[in-house]
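Peer 1:
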Amino acid sequence: MSLKFILKDDPLLQKEVKQCQNPAAICEMARKLGIKLTQADLLRIEAQTTLCLTDEELERWFETPYHERFLISLEVKQLNLAAR
92 MSLKFILKDD PLLQKEVKQC QNPAAICEMA RKLGIKLTQA DLLRIEAQTT
142 LCLTDEELER WFETPYHERF LISLEVKQLN LAAR
């Protein structure tokens, strides 16, 4: 089963993701779940998400904490890049 589907149905696991401050922590969490996920996979997922963002949205994207960007990239959390 993919991490995306596990996360969508598990609020406690989503809470654990919020403690992850970097890609290595996300990969370690996935490993504990028996899911092979590399930092290259994470970069690829994030790159696909950001392809259609405007320059302004992209700037706000990188101001967003890593764990939120990860959840947004997996479509577990809504993308909300409205002006702040």
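Going by our numbering, the letters in the sequence shown line up with residues 92 to 175, in that order. For glycine and all other residues, C-beta sits at the position ideal for the given N, C-alpha and C. Source: prediction; values computed, not measured.
Please look up how many angstroms separate the CB atoms of Cys118 and Gln110, rounded, as I've assumed it's under 8 Å.
Peer 2: Wrong, their Cβ atoms sit about 14 Å apart, outside the cutoff.
Peer 1: My output table needs one value for Leu144: the three-state DSSP class, helix, strand or coil.
Peer 2: Of the three classes helix, strand and coil, the one that applies to Leu144 here is coil, per DSSP.
Peer 1: If we call anything under 9 Å between Cβ atoms a contact, is Ile126 one with Phe161?
Peer 2: Not in contact: Ile126 and Phe161 (Cβ atoms no closer than 9 Å).
Peer 1: How big is the Cα-Cα spacing for Glu77 and Leu94?
Peer 2: An answer regarding residue 77 cannot be provided, because it is not within the stretch 92 to 175 covered by the chain.
Peer 1: Compute the Euclidean distance between the alpha carbons of Lys123 and Glu107, then round it to the nearest angstrom.
Peer 2: Roughly 12 Å separates the two Cα atoms.
Peer 1: Rounded C-beta distance between Ile163 and Thr140? I'm assuming under 8 Å.
Peer 2: Right, the Cβ-Cβ distance comes to about 7 Å (below 8 Å), so this counts as a contact.
Peer 1: Can you tell me whether DSSP reads Gln112 as helix, strand or coil?
Peer 2: Gln112 falls in the coil class under three-state DSSP.
Peer 1: In terms of residues, what are the limits of the alpha helix (DSSP H) holding Ile126?
Peer 2: Ile126 -> no alpha helix (DSSP H), and no H or E assigned at all.
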